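The next block holds one structure in the form of structure tokens; read it before the comments.
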Amino acid sequence: MTKVCSQPQRTCLGCRQVKDQDQLVRFVRSPDGEILTDLKGRLPGRGAYLCNSRSCIETAVSRKQFDRTFRQPCQPITVDQLADGIAKELLAHMASLLGMARKSAQFVSGGNAVQDALTRRKPLAVVVLARDISPQIGEKVRRKAEVQKVVTTKLFDKIELGRILGRAQRSVVGLPDGKLAEAFLSDLLRYQDISGES
Ligand SMILES: [Zn+2]
34 MTKVCSQPQR TCLGCRQVKD QDQLVRFVRS PDGEILTDLK GRLPGRGAYL CNSRSCIETA
94 VSRKQFDRTF RQPCQPITVD QLADGIAKEL LAHMASLLGM ARKSAQFVSG GNAVQDALTR
154 RKPLAVVVLA RDISPQIGEK VRRKAEVQKV VTTKLFDKIE LGRILGRAQR SVVGLPDGKL
214 AEAFLSDLLR YQDISGES
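Below, the structure is given as structure tokens:
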């Protein structure tokens with residue numbers, strides 16, 4: 034039987050491994066030679082692909098792989114700038130997923146509501162704590178989540194979380210099991226890999 038490849042295969046410029054396109058980060062070269070991160074694969078033109086890893090980025094930058102792939106000189110860019118660019122796009126995408134959760138009312142927010150949700154039999158899939166959450170509340174929520182083996186992370190601040198959820202300020206938000214939470218967790222893993230945050 035022949036194997037069905039639903040995903041186009043691409044080679045990482047760093048480690049040269051061939052992977053499914055959706056496991057790699059796409060970059061394009063703007064007309065004036067700037068390297069742009071294209072997480073969603075929507076920008077036109079030839080793409081260059083890299084694993085979501087600093088070491089692959091380092092290899093590609095030190096070997097000038099972008100110039101080679103695009104067959105034209107590119108504006109100089111550092112490993113940090115590339116990694117920051119990916120992290121920023123992932124953050125923006127996670128914010129848009131939270132915004133979708135808001136629209137479909139698939140979220141729980143606020144310290145008490147999230148702690149309540151964490152004591153139910155079917156707990157949340159992921160809990161996001163604002164970076165500036167009060168340490169006591171943050172610790173309480175984190176401990177409850179840990180008991181239920183629910184992933185917690187610190188992202189955004191209270192005002193940003195509030196804006197995403199259409200409220201004044203939010204210190205904590207939880208997503209129930211489902212497609213949104215799945216997508217969020219996959220972004221989060223990639224974000225942690227590239228930003229070095231946990
Ligand atoms: Zn690689």
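All residue numbers for the sequence shown refer to this note's numbering, where the first residue is 34 and numbers rise by one. Idealized CB from N, CA, C, for every residue including glycine. All values derive from a computational prediction rather than experimental measurement.
Roughly how many angstroms separate the alpha carbons of Val184 and Ile90, rounded to a whole number?
28 Å
I'd like to check one pair, Gln139 with Gly74: are the Cβ atoms closer than 8 Å?
no
With a Cβ-Cβ cutoff of 8 Å, do Ile166 and Ser204 count as a contact?
yes
Where the beta carbon is closer than 7 Å to any heavy atom of ligand 1, which residues qualify, in chain order?
Cys45, Gly47, Cys48, Gln50, Leu83, Cys84, Ser86 and Cys89
Reducing DSSP to helix, strand and coil, say where Ser219 ends up.
helix
Contact between the segment 52-60 and the segment 82-98: three or more CB pairs below 8 Å?
yes
6 Å Cβ shell around Leu131 - same chain, five flanking residues per side excluded:
Ile197
Per DSSP, Gly211 forms a beta bridge with which residues?
None, per the DSSP bridge assignment.
Rounded to whole angstroms, what's the CA-CA distance from Gln114 to Arg153? Just pull it up for me.
42 Å
Counted within 10 angstroms of its Cβ, other Cβ atoms place Ser95 as buried (16 or more) or exposed
exposed
Could you tell me which of Arg164, Gly143, Glu230 and Leu157 sits nearest to Arg244, measuring between CA atoms?
The chain is shown only over 34 to 231; residue 244 falls outside these bounds and no answer can be derived.
Taking the Cβ atom as the reference point for each residue, do Leu162 and Gln181 lie within a distance shorter than 8 Å?
no
Does DSSP put Arg59 in a helix, a strand or coil?
strand
Nearest to Ala128 (by Cα), restricted to the options Lys191, Gln42 and Arg175:
Lys191
Between the Cα of Val147 and the Cα atoms of Arg87, Pro168, Gln169 and Lys177, which residue gives the shortest distance?
Lys177
Leaving out five residues before and five after Asp100 in sequence, what residues of the same chain have Cβ atoms less than 8 Å from its Cβ?
Pro106 and Cys107
Taking a contact to mean a Cβ-Cβ separation below 8 Å, would you say Ala125 touches Leu208 in this structure?
no
Under the rule that 16 or more other beta-carbon atoms within 10 Å means buried, what is Val160, buried or exposed?
buried
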